[in-house]
Amino acid sequence: MGFPPGNRLVFMPLAVVLGIGSGFGSAGHAAAPSRVGTVPGASRDGSPYPPSPVIRSVRWAPKETIVRRARGSDNWPITWGDDDHLYTAYGDGRGFKPYVPRKLSLGFAKVTGSPDHFMGVNIRSSSGEDLGDGPRGKKGSGLLMVDGVLYLLARNAHNAQLAWSTDYARTWRWADWRFATSFGCPTFLNFGPNYAGARDSYVYIYSHDSDSAYEPADRMVLARVPKDRIRDRKAYEFFERIDTEGRPVWTKDIRRRGGVFHHRGHCYRSAVTYSAPLGRYLWCQVHPPRAGDRGPRFEGGFGIYDAPEPWGPWTTVYFTRAWDVGPGETNSLPTKWMSADGRTVYLVFSGDDCFSVRKATFEVSGTGPCKEADAARRVSCRSKGTDRCPDGD
7 MGFPPGNRLV
17 FMPLAVVLGI
27 GSGFGSAGHA
37 AAPSRVGTVP
47 GASRDGSPYP
57 PSPVIRSVRW
67 APKETIVRRA
77 RGSDNWPITW
87 GDDDHLYTAY
97 GDGRGFKPYV
107 PRKLSLGFAK
117 VTGSPDHFMG
127 VNIRSSSGED
137 LGDGPRGKKG
147 SGLLMVDGVL
157 YLLARNAHNA
167 QLAWSTDYAR
177 TWRWADWRFA
187 TSFGCPTFLN
197 FGPNYAGARD
207 SYVYIYSHDS
217 DSAYEPADRM
227 VLARVPKDRI
237 RDRKAYEFFE
247 RIDTEGRPVW
257 TKDIRRRGGV
267 FHHRGHCYRS
277 AVTYSAPLGR
287 YLWCQVHPPR
297 AGDRGPRFEG
307 GFGIYDAPEP
317 WGPWTTVYFT
327 RAWDVGPGET
337 NSLPTKWMSA
347 DGRTVYLVFS
357 GDDCFSVRKA
367 TFEVSGTGPC
377 KEADAARRVS
387 CRSKGTDRCP
397 DGD
């Protein structure tokens with residue numbers, strides 16, 4: 007569905023925007039000023055959900071400022087480790103320089119540094135790497151570090167398969183079970199380093215409702231599992247619906263799964279992170295490729311949606327059918343590279359078949375969550391008896 011009459015359209019103006027010098031994770035990076043250019047198709051018109059009440063608009067740094075590394079590799083699910091580094095997985099390529107000798111369907115890397123001065127280092131793993139172009143080899147679709155253990159969700163494994171590493175991606179053990187129904191391209195919800203700041207004791211997993219990473223669906227689905235039982239298939243529950251009191255209903259029966267997000271024909275590959283300063287879950291969703299185009303690495307659209315809870319209700323932060331560069335098969339907003347106030351973020355995406363990084367600035371509504379509220383369970387100013395937060399909150 008589209009917007010009801012009267013909803014505003016948000017366009018990206020040509021302006022000069024100063025970066026927020028409040029640091030990213032523990033890297034201590036102060037964002038430099040960057041000029042913001044007009045981005046084609048930057049309206050939220052056409053999105054399946056109404057505008058965000060918290061994030062009013064997104065201003066992208068000019069495409070000329072995009073930092074690209076690891077040319078010839080794609081995918082890039084990413085997580086923040088307990089050692090303060092980012093861990094990622096690449097596909098159909100040879101990783102960062104110095105390149106690995108042979109093209110891999112699934113390879114691993116560590117990323118250190120700040121978003122505009124980072125370095126990628128390949129991690130070799132005989133137990134984790136895989137070969138095969140496209141659907142013929144396993145590829146990483148989700149990464150998460152919890153309690154010092156790195157978890158991988160791999161697609162193209164007859165739906166998807168779980169693996170884990172206790173030595174920072176060098177050695178992997180594979181689960182003896184798979185998601186045999188749906189969850190063809192699953193991804194983890196990421197919080198802070200080593201899962202710090204998580205909402206509760208569960209780990210959350212999202213996917214489009216398809217057995218294949220290459221076939222779009224009409225809806226997204228959601229699973230959860232206690233963080234100390236991720237390897238136990240019997241411990242998983244699946245989102246079924248929202249009850250009359252607005253609470254999620256979970257089921258052990260995957261056949262009873264319901265949709266947590268709906269967008270007919272457009273639910274595809276995605277990534278979800280939590281912005282603690284804003285108290286919002288940020289869901290990046292790439293649109294499936296259209297007939298005749300070159301694919302999302304080189305052209306296409308995507309959306310960013312937000313919500314106060316992992317299951318919604320979802321609203322639209324950003325939506326475009328044609329970004330000014332390819333948005334990649336997947337993209338995400340790593341929590342390590344979010345500023346302390348949540349207003350400056352960096353999109354990691356596989357555009358141009360690279361590890362690509364682009365700065366974005368959020369214009370945040372004055373009616374958003376207050377800073378003094380607990381980061382994991384934000385309360386609104388209105389619940390405190392006020393109609394509006396002070397400016398800047």
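At position 193 of the sequence shown the residue is numbered 199 (the numbering used here), and the sequence of numbers has no breaks. All C-beta atoms, glycine included, are put in the ideal place defined by N, C-alpha and C.
Mapping the DSSP letters down to three states, classify residue i as helix, strand or coil.
{"i": "Gly348", "result": "coil"}
{"i": "Tyr287", "result": "strand"}
{"i": "Lys365", "result": "strand"}
{"i": "Glu70", "result": "helix"}
{"i": "Gly31", "result": "Caution applies to Gly31, whose pLDDT of 45 falls short of 50 and renders its modelled position unreliable; the model cannot decide the point."}
{"i": "Thr341", "result": "helix"}
{"i": "Asn165", "result": "coil"}
{"i": "Ala297", "result": "coil"}
{"i": "Tyr201", "result": "helix"}
{"i": "Ala313", "result": "strand"}
Bridge partners of residue i, per DSSP?
{"i": "Asp136", "result": "Leu112"}
{"i": "Ser207", "result": "Ser207 pairs with nothing; no bridge assigned."}
{"i": "Leu92", "result": "Trp86, Val117"}
{"i": "Val227", "result": "Ser213"}
{"i": "Ala160", "result": "Gly146, Gln167"}
Could you tell me which of the options sits nearest to residue i, measuring between CA atoms?
{"i": "Ala204", "options": "Tyr96, Tyr280, Pro333, Gly126", "result": "Tyr280"}
{"i": "Ala166", "options": "Ala297, Phe185, Tyr311", "result": "Phe185"}
{"i": "Pro294", "options": "Gly97, Glu335, Gly87", "result": "Glu335"}
{"i": "Pro319", "options": "Tyr311, Phe325, Tyr274", "result": "Tyr311"}
{"i": "Ser371", "options": "Gly52, Ala277, Pro57, Asp80", "result": "Pro57"}
{"i": "Thr257", "options": "Ala241, Pro59, Leu149", "result": "Ala241"}
Whole angstroms is fine: what's the gap from residue i's alpha carbon to residue j's?
{"i": "Trp343", "j": "His214", "result": "26 angstroms"}
{"i": "Gly306", "j": "Trp183", "result": "35 angstroms"}
{"i": "Ala95", "j": "Glu246", "result": "30 angstroms"}
{"i": "Pro254", "j": "Val227", "result": "13 angstroms"}
{"i": "Val127", "j": "Lys103", "result": "8 angstroms"}
{"i": "Cys290", "j": "Ser188", "result": "19 angstroms"}
{"i": "Thr341", "j": "Asn196", "result": "8 angstroms"}
{"i": "Lys144", "j": "Cys360", "result": "19 angstroms"}
{"i": "Ile84", "j": "Ser218", "result": "21 angstroms"}
{"i": "Tyr287", "j": "Pro314", "result": "6 angstroms"}
{"i": "Phe325", "j": "Pro59", "result": "15 angstroms"}
{"i": "Gly298", "j": "Asp51", "result": "24 angstroms"}
{"i": "Ser362", "j": "Cys273", "result": "22 angstroms"}
{"i": "Asp347", "j": "Arg142", "result": "42 angstroms"}
{"i": "Pro302", "j": "Asp89", "result": "32 angstroms"}
Span of the beta strand (DSSP E) holding residue i?
{"i": "Gly148", "result": "145-152"}
{"i": "Ala219", "result": "From DSSP, Ala219 is part of no beta strand (DSSP E); its letter is neither H nor E."}
{"i": "Val269", "result": "Going by the sequence as given, residue 269 is His instead of Val. Where His269 is concerned, the enclosing beta strand (DSSP E) stretches over 267-273."}
{"i": "Ile129", "result": "123-129"}
{"i": "Pro254", "result": "254-257"}
{"i": "Asp358", "result": "Here Asp358 belongs to no beta strand (DSSP E), and DSSP marks it neither H nor E."}
{"i": "Arg262", "result": "Arg262 -> no beta strand (DSSP E), and no H or E assigned at all."}
{"i": "Ser276", "result": "276-281"}
Report whether the distance from the Cβ of residue i to the nearest heavy atom of the ligand PLP is below 8 angstroms.
{"i": "Ala169", "result": "Absence of the ligand PLP is noted for the structure shown, with no ligands found whatsoever."}
Is residue i close to chain B, meaning its C-beta is less than 9 angstroms from at least one C-beta of that chain?
{"i": "Gly99", "result": "Absent from the structure: chain B. Only one protein chain is present."}
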